[in-house]
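**Q**
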Ligand code: ZN
């Protein structure tokens, strides 16, 4: 949906709630370990199996990280190839986004390795964080030259950037990058809220950000920890899309007594969407919405 349409909830014959919902599953991330939760998928086989379960629960977009044999974040191309190949096989039509996160690997060479996947293994999207910030225990460093090189790398490979926004200035930077030819419309943003050191998870911030997006944008919203569910709900009401999963949140409840699974988190938002009468997009519909 177009960002400007988020404001058509009232006084319009057309409800954002009637738009098809894309559920983005962020399965693994860089941080959670098996000691945090036994449900975090680490090996390629575990990640593929989780993707398959989430796909049958309604997820049509997979945000993918890889881990090495010791469970540490890895940018090894073969690991990503194995994961993408498995997701392509078991989740036909799903959209795949590979991370180029600067949280662990800072240099362009490591971060851009996923852009080297070819032919049917080439991802539709790769993540592009638009600026630097602090997470609770480390910095995510994204200097302008690396952001621009990654954006150029994606352009040259025909891979769309999933524009990761953790603070309001990052939208402005995306607009700047597009003016300078590093990004090309249509844009797809992932708006992330509720991590210490970044934007708080408040509806006023979500509305402000959505209102700041370029006209030709689709957007998805994610929240860290117990903010995942309220951010997802807010985005669903506004006609945006949602990102869920253990990368961002390990628990099913606010009291943190029940460990979640990726599948359960996807099933919950899909169920809530149904209750809101917001239809969940099929893979083909997700591709159409995203302009793929
Ligand atoms: Zn990620």
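Residue numbers (our numbering): -7 to 284.
From the three backbone atoms N, C-alpha and C, an ideal C-beta is built for every residue, glycine too.
So, is residue 94 buried or exposed, given that buried needs 16 or more other C-beta atoms within 10 angstroms?
**A** The residue in question, residue 94, is buried, as its Cβ has 16 or more Cβ neighbours within 10 Å.
**Q** Just list the residues that DSSP pairs residue 125 with in beta bridges.
**A** Paired residues: 132.
**Q** Within 7 angstroms: the Cβ of residue 55 and any heavy atom of ligand 1?
**A** Yes, ligand 1 has a heavy atom inside 7 angstroms of this Cβ.
**Q** By Cβ distance, which residues of its chain are closer than 6 angstroms to residue 33, with the 5 residues on each side in sequence left out?
**A** Closer than 6 angstroms at the Cβ level, and outside the excluded window around residue 33, lie 19, 20, 39 and 42.
**Q** Can you give the beta carbon distance from residue 87 to residue 278, rounded, assuming they're within the 8 angstroms contact cut?
**A** With a Cβ gap of about 6 angstroms, residue 87 and residue 278 count as contacting.
**Q** Ignore the nearest five residues each way along the sequence and tell me which others in residue 75's own chain have a CB closer than 7 angstroms to its CB.
**A** Excluding residues within five positions, the ones whose Cβ falls inside 7 angstroms are 36, 39, 40, 56 and 58.
**Q** Measure the alpha-carbon distance for residue 108 versus residue 69 and round it to whole angstroms.
**A** Taking the straight line from one Cα to the other gives about 8 angstroms.
**Q** Could you name the residues that DSSP lists as bridge partners for residue 289?
**A** With the chain covering only -7 through 284, there is no way to say anything about residue 289.
**Q** Helix, strand or coil for residue 23? Go by DSSP, reduced to three states.
**A** Note: residue 23 maps to coil in three-state DSSP.
**Q** So, for residue 177: in the same chain, excluding its five sequence neighbours on each side, which residues have a beta-carbon less than 6 angstroms away from its beta-carbon?
**A** For residue 177, where only same-chain residues beyond five positions count, the Cβ hits under 6 angstroms are 208.
**Q** Rounded to whole angstroms, how far is the Cβ of residue 285 from the Cβ of residue 191, which I believe are closer than 8 angstroms?
**A** The question about residue 285 has no answer, for the chain in this structure spans -7 to 284.
**Q** Using a Cβ-based criterion (distance less than 7 angstroms to any ligand heavy atom), does residue 93 qualify as near ligand 1?
**A** Checking the Cβ of residue 93 against ligand 1 gives yes.
**Q** Alpha carbon to alpha carbon, how far is residue 243 from residue 221?
**A** Their Cα atoms are separated by approximately 10 angstroms.
**Q** Going by C-alpha distance, which of 284, 262 and 282 is nearest residue 46?
**A** Ranking 284, 262 and 282 by Cα distance to residue 46 puts 262 first.
**Q** Tell me residue 16's beta-bridge partners as DSSP assigns them.
**A** BP columns for residue 16 point to 53 and 235.
**Q** Just list the beta strand (DSSP E) runs in the segment 189 to 250, keeping only unbroken ones of 3 residues or longer that don't cross its boundaries, in chain order.
**A** Taking only runs of at least 3 residues, the beta strand (DSSP E) segments lying wholly in the segment 189 to 250 are 209 to 215 and 233 to 236.
**Q** Would you mind working out which of 225, 77, 266 and 185 sits nearest residue 114, comparing C-alpha positions?
**A** Ranking the options by Cα distance to residue 114, first place goes to 77.
**Q** Residue 29 and residue 238: beta carbons closer than 8 angstroms?
**A** Yes, the Cβ-Cβ distance between residue 29 and residue 238 is below 8 angstroms.
**Q** Just curious, the alpha helix (DSSP H) that residue 101 is in, first and last residue?
**A** Residues 100 to 103.
**Q** Since residue 185 and residue 198 are thought to touch, with beta carbons under 8 angstroms apart, how far apart are those beta carbons, to the nearest angstrom?
**A** Sure, about 7 angstroms apart at Cβ, within 8 angstroms.
**Q** Taking its Cβ as the centre, do 16 or more other Cβ atoms sit within 10 Å of residue 148, making it buried, or is it exposed?
**A** Classification of residue 148: exposed, given that the 10 Å Cβ count is below 16.
**Q** Taking 7 angstroms as the cut-off, is the C-beta of residue 18 nearer than that to any heavy atom in ligand 1?
**A** True, at least one ligand heavy atom lies under 7 angstroms from that Cβ.
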